[in-house]
Amino acid sequence: MPQINQLADVLYSQLFWLALTLAVIYFGIGKAMLPKILGTMDARDSRIADDLAAAQVAREAADATEEAYRARVLENRTEAAKLTAAAKSDAARATEAQVAKADEKIRGKVEKAEARLRAATDAALADIENVAAEAAQDMVTRLAGVSVSKADAAQAVKAALRQGSGQALANG
Amino acid sequence: MAAEQSTIDPMHQFQIDSLAGSLSGNPFAFTNSALWMMIVLGAILVFMIGGMKRELVPGRWQLMVEGITGFISSLIDTNIGPEGRKYLPWVFTVFIFILFSNLMGMMPFGVLSPVAEYVPGVGLVSHPFTITSQFTITGVLAIISFSIVLIVGFWKHGFHFFSLFIPHGTPKVLLPLIFLIELLSFLVRPFSLALRLFVAMIAGHILVKVFGSFVVSGLSSDGPMGWGVALLSFVFIAGVSALELLVCAIQAYVFALLTSLYINDAENLH
Numbered sequence: 001m002p003q004i005n006q007l008a009d010v011l012y013s014q015l016f017w018l019a020l021t022l023a024v025i026y027f028g029i030g031k032a033m034l035p036k037i038l039g040t041m042d043a044r045d046s047r048i049a050d051d052l053a054a055a056q057v058a059r060e061a062a063d064a065t066e067e068a069y070r071a072r073v074l075e076n077r078t079e080a081a082k083l084t085a086a087a088k089s090d091a092a093r094a095t096e097a098q099v100a101k102a103d104e105k106i107r108g109k110v111e112k113a114e115a116r117l118r119a120a121t122d123a124a125l126a127d128i129e130n131v132a133a134e135a136a137q138d139m140v141t142r143l144a145g146v147s148v149s150k151a152d153a154a155q156a157v158k159a160a161l162r163q164g165s166g167q168a169l170a171n172g
Numbered sequence: 173m174a175a176e177q178s179t180i181d182p183m184h185q186f187q188i189d190s191l192a193g194s195l196s197g198n199p200f201a202f203t204n205s206a207l208w209m210m211i212v213l214g215a216i217l218v219f220m221i222g223g224m225k226r227e228l229v230p231g232r233w234q235l236m237v238e239g240i241t242g243f244i245s246s247l248i249d250t251n252i253g254p255e256g257r258k259y260l261p262w263v264f265t266v267f268i269f270i271l272f273s274n275l276m277g278m279m280p281f282g283v284l285s286p287v288a289e290y291v292p293g294v295g296l297v298s299h300p301f302t303i304t305s306q307f308t309i310t311g312v313l314a315i316i317s318f319s320i321v322l323i324v325g326f327w328k329h330g331f332h333f334f335s336l337f338i339p340h341g342t343p344k345v346l347l348p349l350i351f352l353i354e355l356l357s358f359l360v361r362p363f364s365l366a367l368r369l370f371v372a373m374i375a376g377h378i379l380v381k382v383f384g385s386f387v388v389s390g391l392s393s394d395g396p397m398g399w400g401v402a403l404l405s406f407v408f409i410a411g412v413s414a415l416e417l418l419v420c421a422i423q424a425y426v427f428a429l430l431t432s433l434y435i436n437d438a439e440n441l442h
């Protein structure tokens, strides 16, 4: 085995060159370059973590904004519904009042008209009695040659009319 | 050298030859082992510097470097804890040096060198030298790791460090025996650390070389029997090589993992 056979010859040379190599790796790479590489990696990791945290914060802010927006929309909607209901009831009340007023006015008019109608009817009825009395007076004079006073004729017509109306009532 | 020998010596790949300066005990002799250490060092430096762009959005190369760096730093974070960061340079050094040495030893190329062998039709080549197949190398790595454990342990905890050898809830009667066993297993650690890597690398390489020699002798023999053996051996080499690449990474990982576990013992006791 050359490793054993040559040990005495090569030992110091091996140690010397190994020490040189390890020293270069240890100080050149292990002490000088590794911290920089790890620093780069740490910086990247912290940057990613920061970005993620910022994204999380932004997301929470967006969520909060949306929540507030939703709440306001809901509030506005209830407000609008309330306003609508109020407006609706106001309008209904106003309409009712107007309708009542109009009703009042119309009733007045109708009553007036009815009164007028009644007056006209009464007048017409009186007229009919007069005309009937005159006609009866006339007819009696012509047919019987008896002159009847106007008051008697009117009395007779009134009785006849009452009888007639009584008959009409009895006839249904 | 191999050319003078009639058969292929599977141990020849572990031979250290001097490329400059006489070999006998000269610490500055530049050997093929030293050459491959420099090649490994150069490869590691190129690899690491290539990933030093430090961009916010890493490219492929930077991602590879950050992957290995993050792998070792998370290994330390999980095994030692936040105070383990100061041991990161050493654990990383161990990991990357072993990983690149193992992988470089598996590379199927030769690098031109002054004592290259002449291969007909190919030219001057020097076979890849696996640094981690030398127990002088793995031993030094293990000793340094073990020294860190000892120094940190006694520095932080003083003689209280010996409580490491007494598990919780040990009956008083068994105390001396348990202490002895634990101490022994603790002292064996550097050897197991060094030998595990050394043996894993040497075994795989010998296996590949032995089957390689089967291919050569099978092809040089006459008849289909030899060719069949050669073909079978070749397929086997491919399989073993793939397995060896896995072992390369696993051994580097195991060495780094055990180093961090041992340092954790020293740092946090139990």
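Just so you know, the protein sequences line up as chains A and E, in that order.
Numbered by our numbering, the letters in the first sequence go through residues 1 to 172 in order.
Numbered by our numbering, the letters in the second sequence go through residues 173 to 442 in order.
No residue lacks a Cβ here, since even glycine has one placed at the ideal position from N, Cα and C.
Since we're looking at a predicted model, the values are computed, not measured.
Residue-level contact to chain A via CB, F318 of chain E, 9 Å cutoff
no
Straight-line Cα distance separating L415 of chain E from Q423 of chain E
12 Å
Our contact map puts T302 of chain E next to N274 of chain E with C-beta atoms below 8 Å; I'd like the distance itself, whole angstroms only.
7 Å
Check for me: the alpha helix (DSSP H) holding S392 of chain E runs from which residue to which?
L347 to S392
Should the region 328 to 338 of chain E be called in touch with the region 347 to 362 of chain E, which here means at least 3 C-beta pairs below 8 Å?
yes
Pick from E:H299, E:L271 and E:M210 that is closest to L418 of chain E, judged by C-alpha positions
E:L271
Just the chain A side, please: which residues come within less than 7 Å of W262 of chain E by C-beta, in chain order?
Y26 and G30
Is the region 360 to 369 of chain E in contact with the region 312 to 321 of chain E, if contact means three or more CB pairs nearer than 8 Å?
yes
My output table needs one value for F202 of chain E: the three-state DSSP class, helix, strand or coil.
strand
Identify, in the order they occur along the chain, each residue of the same chain with its Cβ nearer than 8 Å to the Cβ of S405 of chain E, setting aside the five sequence neighbours on each side.
F383, G384, F386, V387 and G390
Going by the DSSP bridge assignment, what does S190 of chain E pair with across the sheet?
E:T203
Among E:M373, E:F351 and E:V412, which one has its Cα closest to the Cα of V380 of chain E?
E:V412
For V24 of chain A, which of E:V218, E:Q187 and E:H340 has the nearest alpha-carbon?
E:V218
Rank E:A372, E:S319, E:N436 and E:G231 by C-alpha distance to the C-alpha of L359 of chain E and give the top, closest one.
E:S319
Within 9 Å (strictly less), CB to CB, does A8 of chain A reach chain E?
yes
To which residues of the same chain is T304 of chain E closer than 8 Å at the C-beta, ignoring the five residues directly before and after it?
I270, S273, N274, G277, T310, L369, F370, M373 and Q423
Quick check on G398 of chain E - is its C-beta less than 9 Å from some C-beta in chain A?
no
Mind pulling the chain A residues with CB within less than 7 Å of E238 of chain E?
I37 and M41
Here's the rule I'm using: 16 or more other beta-carbon atoms within 10 Å means buried, otherwise exposed. How should Q137 of chain A be labelled?
buried
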